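**Q** Sending over a structure as C-alpha cells; questions will come in a sec.
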Amino acid sequence: MKGGPVRIALENNSFSRLFSNTISFLLRDGLQDYSVLKRYILKFLFFVFCVWCLGCGQSAQETQNPRLVIAIDATFVPMSFLNDQGELDGFEVDLIKAVAKNAGFDYELVNVEWGGLFGGLITNKFDLVISSITILEERKNRMAFSIPYLQSGVAVLVRKDIQNVDNLQKLAEIKATVGAQINTTSYYFLQKYDGINIKTYEKFGHAVIDLANKGNDGVVGDSVQVNYYFNKNKELTQNARFLGSRMTSEFYGIVLRKDDFDLKQKIDASLTVLLKNGTIQKLHDKWNLGKFAVVPLPEN
Ligand code: ARG
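In this note's numbering, the protein residues as written are 46 to 345.
Here is the structure:
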C-alpha cells in the first residue's frame with residue numbers, strides 16, 4: 046500500500062500513470078532491493094548524460110559552424126554560371142567553397158540576379174555576396190568588402206563594321222550607342238564619355254546578343270567576361286572586334302554587411318591563406334583567366 050496515494054492522485058493520464066507506476070515500483074521493490082534501485086539511478090544518469098551531450102553537440106554546431114547563405118549571380122561565365130547539369134560552377138563558386146572550408150563554416154549558395162544582390166544582403170536575405178564585385182568607395186558606404194581576391198578591369202567590344210575606332214573617345218565622337226550591364230563599373234566608366242549613348246541591360250550577355258543583332262555599336266564589360274565571349278562564344282562575337290586589353294584596374298572583393306566584423310575577419314584570414322598557398326592562382330589557371338585578371342599579392 047506504500048505507493049497508493051501517488052497512484053490515485055496522478056492516474057488521469059497515461060504519462061502520469063507510468064510515472065506513478067515507476068515510483069510505486071521503486072518504493073515497493075527498489076527500496077527492498079538496493080541493486081534494482083541502483084540500476085534505475087544509473088539508467089537515469091545515463092539518460093541525463095545523453096541529453097546533455099545532444100545539447101552540447103547542437104550548441105557547438107551553432108557557434109562553430111554557422112550556416113551562411115551566400116548569394117551569387119550565375120550569369121557571369123566563367124566566374125559563376127550554371128553548368129550543363131544545372132549546377133552552380135565557375136571560378137567564384139570554387140573560390141567561395143575553398144573559403145568556407147578554410148573558415149569552417151557551413152553554407153548554402155543561392156543564385157540571385159545582379160539587381161537583387163546588394164539590397165538582399167542589406168536586408169538580411171543572405172549573408173555574403175560573391176559576384177565579381179569591384180571594391181568601390183561609394184559601395185563601402187553601404188556594405189563591407191573583404192580583402193581583394195582578383196584584379197580585373199573593363200574591356201570593350203566594337204562592331205566590325207564601325208571603322209576607324211580604336212578607343213572609347215572615338216566612339217564618343219561618332220555618338221555611338223554602347224551597351225553595359227546596369228549599375229556596374231562598365232556603366233560608370235561609360236558615363237565619363239560625353240557623346241556616348243549608353244544602353245543598359247540587366248545581364249551582360251544581353252548586351253552581347255544585342256551587339257550581334259546590331260542593337261548597339263559596342264559593349265563594355267569586365268575584361269574576363271569580354272574575353273570569354275570574344276574567344277568562346279564566336280557565334281555572338283564573330284562580327285565584333287576586341288579593343289585591346291583591360292582599360293581600368295579594379296579589385297574584386299567578397300561583400301558583407303557593414304556590422305559583420307567577425308565574419309569579415311574570418312573571410313579575410315581565409316583569403317590570405319588561399320592567396321599565399323597558391324589556391325587562388327590554381328583556380329585562375331583552371332578557369333583560364335589569362336592576362337584578363339591577376340591574382341593580387343596578399344597584404345601580409
Ligand atoms: N565588376 C563589376 C562591378 O562590380 C561588374 C560586376 C557584375 N557582376 C555580375 N555578377 N553581374 O560593377
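Backbone N, C-alpha and C fix where the C-beta goes; we use that ideal spot for every residue, glycine too. None of these values were measured; they are calculated from a predicted model.
Within the present structure, is the beta-carbon of residue 39 separated from the nearest heavy atom of the ligand ARG by less than 7 Å?
**A** Residue 39 lies beyond the residue range present for the chain, which begins at 46 and ends at 345; the question has no answer from this structure.
**Q** Using only the alpha-carbon positions, how far apart do residue 242 and residue 314 sit?
**A** 43 Å
**Q** Can residue 233 and residue 245 be called in contact, C-beta distance under 8 Å?
**A** no
**Q** Tell me whether residue 169 sits in a helix, a strand or coil according to DSSP, three-state version.
**A** coil
**Q** If you draw a straight line from the alpha carbon of residue 199 to that of residue 268, how long is it in whole angstroms?
**A** Using only the alpha carbons, I get a separation of about 5 Å.
**Q** In three-state DSSP terms, what is residue 184?
**A** helix
**Q** In angstroms, rounded to a whole number, what distance separates the CA positions of residue 141 and residue 208?
**A** In a straight line, the C-alpha of residue 141 is about 42 Å away from that of residue 208.
**Q** Could you tell me if residue 83 is buried or exposed, where buried requires 16 or more neighbouring beta carbons within 10 angstroms of its beta carbon?
**A** Its Cβ having fewer than 16 others within 10 Å, residue 83 is exposed.
**Q** For residue 170 and residue 218, what's the separation of their Cα atoms in angstroms?
**A** 44 Å
**Q** With which residues is residue 152 paired in a DSSP beta bridge?
**A** For residue 152, which the question treats as bridged, DSSP gives the partners 113.
**Q** Helix, strand or coil: how does DSSP classify residue 339 here?
**A** strand
**Q** Under 7 Å: does the beta carbon of residue 229 sit that close to some heavy atom of the ligand ARG?
**A** yes
**Q** Helix, strand or coil for residue 286? Go by DSSP, reduced to three states.
**A** strand
**Q** Could you give the residue range of the alpha helix (DSSP H) that holds residue 218?
**A** 213-218
**Q** What does a CB cutoff of less than 6 Å around residue 139 pick up in its chain, not counting 5 residues either side in sequence?
**A** Result list for residue 139: 328, in chain order.
**Q** Smallest Cα separation from residue 202: which of 90, 281 and 296?
**A** 281
**Q** Hey, residue 115 and residue 180 are a contact pair by Cβ (cut 8 Å); roughly how many whole angstroms apart?
**A** Residue 115 to residue 180, Cβ: 18 Å. No contact.
**Q** Does the beta-carbon of residue 303 have 16 or more other beta-carbons within 10 angstroms, so that it is buried, or is it exposed?
**A** exposed
**Q** List, from N- to C-terminal side, the alpha helix (DSSP H) runs of 4 residues or more that fit wholly inside the stretch 271-320.
**A** Listed in chain order, they are 279-282.
**Q** Within 10 angstroms of the Cβ of residue 276, are there 16 or more other Cβ atoms? Answer buried if so, exposed if not.
**A** Exposed: under 16 other Cβ atoms inside 10 Å.
**Q** Distance check for residue 118 and residue 146, CA to CA, integer angstroms please.
**A** 21 Å
**Q** Below 8 Å on the Cβ atoms is my guess for residue 300 versus residue 178; work out the distance and round it to an integer in Å.
**A** 5 Å
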